[in-house]
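One structure below.
There are 2 protein chains.
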Amino acid sequence: MGAFWSRGYHGTALPDLLRATKLSRGSLYAAFGDKHSLFLLALDRYIADAVARMDIELASSREPLDGLRAFLAGYVDRTSGASGRRGCLLVATAMELAGQDAEVGRRVAGFFKAMEARVTDALSRAKTAGQLADGVEPSSAAKILVCFVEGLRVVGKTAPARTASQATADALLDRFVR
Amino acid sequence: MGAFWSRGYHGTALPDLLRATKLSRGSLYAAFGDKHSLFLLALDRYIADAVARMDIELASSREPLDGLRAFLAGYVDRTSGASGRRGCLLVATAMELAGQDAEVGRRVAGFFKAMEARVTDALSRAKTAGQLADGVEPSSAAKILVCFVEGLRVVGKTAPARTASQATADALLDRFVR
DNA sequence: CAATTTAAAGACCGATTGGTCTATATATCG
DNA sequence: CGATATATAGACCAATCGGTCTTTAAATTG
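Taken in sequence, the protein lines are chains A and B.
Heads up: the first sequence begins at 4 in our numbering, then just goes up one per residue.
Heads up: the second sequence begins at 4 in our numbering, then just goes up one per residue.
Printed below as a string of structure tokens:
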């Protein structure tokens with residue numbers, strides 16, 4: 004996963020994968036089929052990790068606003084400094100392959116839907132608790148937040164300061180809460 | 004430019020460039036040096052076009068809120084449906100190369116700075132005209148908008164409906180205006 | 001220990017990569 | 001027209017691509 008993560012699909016050559024998996028050429032092909040299948044597996048794992056993280060951060064047992072703050076703080080952390088420069092396998096894949104590779108396209112779209120659903124849910128709970136500012140629609144605010152965090156990943160490639168990104172995220176959430 | 008745009012740097016092979024430029028192999032190398040130099044030239048042109056567009060949309064002679072609406076509408080248009088699926092050379096390049104290629108990294112960072120400066124300026128003018136909601140800081144709202152539109156480019160890879168994206172952009176701007 | 005399965009190492013394959021160079025045709029110009 | 005500069009087409013290059021296959025070493029099992 005790490006190999007594709009830091010170099011992308013086309014940028015990752017077979018020797019990179021052998022080094023990363025510590026497998027021989029033959030064993031790798033026996034285990035995973037071909038490069039594309041292996042990539043899909045790596046992408047699936049990356050997505051599963053991200054969804055699992057959101058399920059924790061935005062769990063319904065938690066205070067919704069705390070969850071959203073944790074969710075945003077996580078993205079701030081992952082998109083600042085060296086972590087930001089490392090980038091995001093999902094966003095890189097979306098830009099590199101989503102338009103041409105249907106298998107990839109479905110996974111990327113599915114991830115955005117999953118994120119939007121969880122954020123919408125948290126915002127809905129916040130709204131019924133009377134914690135949202137007037138006129139804030141959970142579903143549309145969720146779409147905004149999804150775009151925002153994915154944009155963070157893009158801008159994060161320039162390795163911005165953690166404090167600045169956190170302040171930006173805070174400022175955005177502030178526009179939604181009462 | 005179009006070749007790199009739709010296939011990325013690594014994904015664009017020399018025959019693609021020959022077809023796109025209608026040049027022979029020798030002439031292309033005589034004119035541009037190598038693939039990397041040609042790519043940098045394409046990227047520079049893409050960035051110059053984008054900055055020129057922002058200079059028009061967000062011109063100081065224009066009503067700032069109208070400018071911001073035009074700016075957002077442009078991004079909505081370019082990130083919906085088939086245009087969205089086509090993607091963005093700058094964002095794709097940021098994810099693919101910005102971390103490893105210093106020449107590219109500088110250009111990407113420079114573009115985000117240029118966008119942020121122009122959006123900040125428009126928001127500042129809106130603020131002095133009393134058009135912004137209470138507590139909205141132009142500089143931090145500009146950072147939010149930059150992340151948002153770049154996030155639109157990412158999510159746009161799943162070809163969302165124009166109306167939905169426009170509604171989302173409207174909802175975000177609504178949180179900033181009085 | 002011997003027999004057998006499993007995996008590693010790496011030779012090998014055709015195709016393609018970015019890049020160079022030569023031969024040929026086409027303008028350009030005196 | 002004849003000489004010269006220019007750009008074309010495409011042969012050619014070493015290196016690398018993803019992928020296969022054989023040979024050898026290491027476990028595993030009886």
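Glycine included, C-beta positions come from ideal geometry on N, C-alpha and C.
Everything numeric in this text was worked out from a predicted model, so none of it was measured.
Contact test: residue i Cβ vs the ligand MG heavy atom, cutoff 8 Å
i	result
A:Ala105	As for the ligand MG, it is missing from this structure, which has no ligand bound.
For residue i, the three-state DSSP class (helix, strand or coil)
i	result
B:Val158	helix
A:Leu61	coil
B:Val139	coil
Residue-level contact to chain B via CB, residue i, 9 Å cutoff
i	result
A:Met57	no
A:Lys38	no
A:Phe74	no
A:Asp177	yes
A:Glu106	no
A:Glu153	yes
A:Thr171	yes
A:Ser27	no
A:Phe115	yes
A:Ala120	no
A:Ala33	no
A:Ala167	yes
Spatially closest choice to residue i from the options, by CA coordinates
i	options	result
A:Leu71	A:Val149, A:Gly154, A:Val158 and A:Ser30	A:Val149
A:Val157	A:Leu61, A:Arg110 and A:Arg88	A:Arg88
B:Val152	B:His13, B:Met4, B:Val122 and B:Ala101	B:Val122
B:Tyr49	B:Leu20, B:Phe114 and B:Asp173	B:Phe114
B:Ala101	B:Asp177, B:Pro141 and B:Gly11	B:Gly11
A:Ser168	B:Asp52, B:Ser142, B:Ser168 and B:Arg165	B:Ser142
A:Ala136	A:Met57, A:Val79, A:Ala95 and A:Leu175	A:Leu175
A:Phe7	A:Val79, A:Ala85, A:Gly77 and A:Leu92	A:Leu92
A:Phe179	A:Ala144, A:Thr171, A:Pro163 and A:Lys160	A:Ala144
A:Arg65	A:Arg128, A:Lys160 and A:Leu31	A:Arg128
B:Thr161	A:Leu126, A:Ala105 and A:Asp177	A:Ala105
B:Phe74	B:Ala164, B:Leu155 and B:Pro163	B:Leu155
A:Arg181	A:Leu126, A:Ala164 and A:Ala55	A:Leu126
B:Met118	B:Ala16, B:Lys38, B:Met57 and B:Met4	B:Met57
A:Lys38	A:Ala55, A:Ser27 and A:Leu20	A:Leu20
Neighbour list for residue i in chain B, Cβ cutoff strictly below 7 Å
i	result
A:Arg88	Gly102
A:Val111	Lys160 and Thr161
Interface residues of chain B facing residue i [CB-CB closer than 9 Å]
i	result
A:Met187	The first residue shown for chain A is 4 and the last is 181, placing residue 187 of chain A beyond what the model contains.
CB contact below 9 Å: residue i versus chain A
i	result
B:Thr131	no
B:Arg22	no
B:Gly14	yes
B:Phe42	no
B:Thr123	no
B:Ile185	In this structure chain B extends from 4 to 181, so residue 185 of chain B is not present and cannot be described.
B:Val149	yes
B:Ala62	no
B:Ala136	yes
Residue i burial status per 10 Å Cβ neighbour count (16 or more: buried)
i	result
B:Pro18	exposed
A:Gly138	exposed
B:Ser40	exposed
B:Ser63	exposed
A:Lys25	exposed
A:Ser83	buried
B:Arg110	buried
A:Gly36	exposed
B:Thr131	exposed
B:Lys146	buried
A:Arg81	buried
A:Thr166	exposed
A:Ala34	exposed
Closer than 9 Å at the beta carbon, the chain A residues around residue i
i	result
B:Glu182	As displayed, chain B neither begins before 4 nor continues past 181, which places residue 182 of chain B out of reach and without an answer.
Residue i: contacting residues in chain B (beta-carbon distance under 8 Å)
i	result
A:Arg181	Those within 8 Å of A:Arg181 in chain B number zero; the least Cβ separation is about 13 Å.
7 Å Cβ cut-off: residues of chain A touching residue i
i	result
B:Glu7	For the record, residue 7 of chain B in the displayed sequence is Phe; it is not Glu. Those do not exist, as B:Phe7 stays about 12 Å from chain A at its closest Cβ, beyond 7 Å.
Neighbouring residues, chain A, relative to residue i (Cβ below 8 Å)
i	result
B:Ser2	Residue 2 of chain B cannot be examined here, being either before or after the span of chain B that is shown, 4 to 181.
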